[in-house]
Amino acid sequence: MSSQTPPPKYIYEDHHDHPALLPMIDLPIIDISQLTTAEADQNLRSALSEYGCIMITNHGVESWLLEKVGMVFKQFVALPEEEKLKCKREAFQGFGADPALAGDLLPVDWSARLVLNVLPQEFRELKYWPENPPEFREVVDEYGSKMVTVHEVILKALARSLNLKETTFLDKIGEPWILYARFNFYPPCPMPDLVFGLKPHCDATVLTVLLQDKEVHGLQIEKDGQWFRVPIVPGALVINVGEQLEILSNGEFKSSHHRATVDSERQRTSMAMICLPNPEVEVGPVEELVSEERPLLFRKVKYEESLQLRYYQTGKRIIDDARI
Ligand code: OGA
Ligand code: NI
Numbered sequence: 001m002s003s004q005t006p007p008p009k010y011i012y013e014d015h016h017d018h019p020a021l022l023p024m025i026d027l028p029i030i031d032i033s034q035l036t037t038a039e040a041d042q043n044l045r046s047a048l049s050e051y052g053c054i055m056i057t058n059h060g061v062e063s064w065l066l067e068k069v070g071m072v073f074k075q076f077v078a079l080p081e082e083e084k085l086k087c088k089r090e091a092f093q094g095f096g097a098d099p100a101l102a103g104d105l106l107p108v109d110w111s112a113r114l115v116l117n118v119l120p121q122e123f124r125e126l127k128y129w130p131e132n133p134p135e136f137r138e139v140v141d142e143y144g145s146k147m148v149t150v151h152e153v154i155l156k157a158l159a160r161s162l163n164l165k166e167t168t169f170l171d172k173i174g175e176p177w178i179l180y181a182r183f184n185f186y187p188p189c190p191m192p193d194l195v196f197g198l199k200p201h202c203d204a205t206v207l208t209v210l211l212q213d214k215e216v217h218g219l220q221i222e223k224d225g226q227w228f229r230v231p232i233v234p235g236a237l238v239i240n241v242g243e244q245l246e247i248l249s250n251g252e253f254k255s256s257h258h259r260a261t262v263d264s265e266r267q268r269t270s271m272a273m274i275c276l277p278n279p280e281v282e283v284g285p286v287e288e289l290v291s292e293e294r295p296l297l298f299r300k301v302k303y304e305e306s307l308q309l310r311y312y313q314t315g316k317r318i319i320d321d322a323r324i
């Protein structure tokens, strides 16, 4: 084994395509400031039904804030290890690799994450929030409140586009729903076709809003059985449909199957802001979306973090267990 080869626990025996060889996908770009007109709502619906993954512009996050939120995490990962250990990951929150579970697991991801509960306020555990760089907390707080609006605007438009009361999806996920942040850090790897930064998965969320690295590619989605690279569009955010929305919409919106690859020379960062149902709530398909032509596809499920981690690490999906 050459010194270039990653340690065995990271390695996928069947190597995948070298990231640079995959074609780029042309994702729909939706201007969400136009939503509420029937035409814009329908465009959003058809884009998300077809791709499960789109880009949004005019999302209300000023460019300085987008820049800042990417920057504060890059500054954090550049700190000495002992400084980062102050927010060390325990169970779910904090900075580090996913906790290792026992059993028949897929190879470990070539990445570390900083996971934080952002909203509601009382779910925040500030001991995991970096104090360095000093503006980290303020910037993530500000970005988080913008993300609440983005999630609500999209979920309302999707409900309207299906002729439902606009708060239908929001009512179903309970009050308050949970916003959490996942900052992803992917160090370079000399053999990017043998490892994954994040293994192929569907997000277990309602929606995920992803801020990509400004320069380094890595996000890939599967469409019609083929993998594609997702382009970097300056100022745009990526929206992924998660499994909870697939269940809520009785399969109208399919969760996007995606993964993150790593670069051979450059580190990459990204930040996902995730919407999850209230932890007390069981989520099932909206009744109006069940009919004779469109039978009930899913049982009700309750999102549970520890269960989700096990599913992820074994390559299984909660939605498959919910399927009727
Ligand atoms: C995620 C995710 C992709 C990326 O955080 O769930 O899929 O590009 N991230 O980092
Ligand atoms: Ni994801």
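Letter by letter, the sequence shown follows residues 1 to 324 in UniProt numbering. Heads up, the beta-carbon is just placed ideally off N, CA and C, and yes, glycines get one too. Treat the numbers as computed from the prediction; the structure is a model and nothing was measured.
Annotation for residue 66: the continuous alpha helix (DSSP H) segment containing it runs 63-77. Taking each of 64, 108 and 185 in turn and checking the Cα distance to residue 114, the smallest one comes out for 185.
Checking the 8 Å criterion, the Cβ of residue 159 is out of range of every heavy atom belonging to the ligand NI. Here the stretch 168-181 makes no contact with the stretch 43-61; the two share fewer than three CB pairs at distances below 8 Å. Per DSSP, reduced to three states, the secondary structure at residue 256 is coil, with no helix or strand assignment. Segment contact: the stretch 87-104 against the stretch 137-152, fewer than three CB-CB distances shorter than 8 Å; contact not assigned. Rounded to the nearest whole angstrom, the C-alpha separation of residue 24 and residue 229 is 5 Å. Fewer than three pairs of CB atoms, one per stretch, sit closer than 8 Å, so the stretch 274-288 makes no contact with the stretch 223-237.
The beta carbons of residue 313 and residue 101 sit about 6 Å from each other, so the pair counts as a contact at 8 Å. Residue 268 is bridged by DSSP to 186.
Excluding the 5 residues flanking it on each side, residue 87 has same chain C-beta neighbours closer than 6 Å at 94, 95, 128 and 130, in chain order.
The shortest C-alpha to C-alpha distance from residue 302 to any of 117, 177, 140 and 7 is the one to 177. Taken through DSSP and simplified to helix, strand or coil, residue 24 comes out as strand. Our two residues, residue 297 and residue 232, have alpha carbons roughly 35 Å apart in a direct line.
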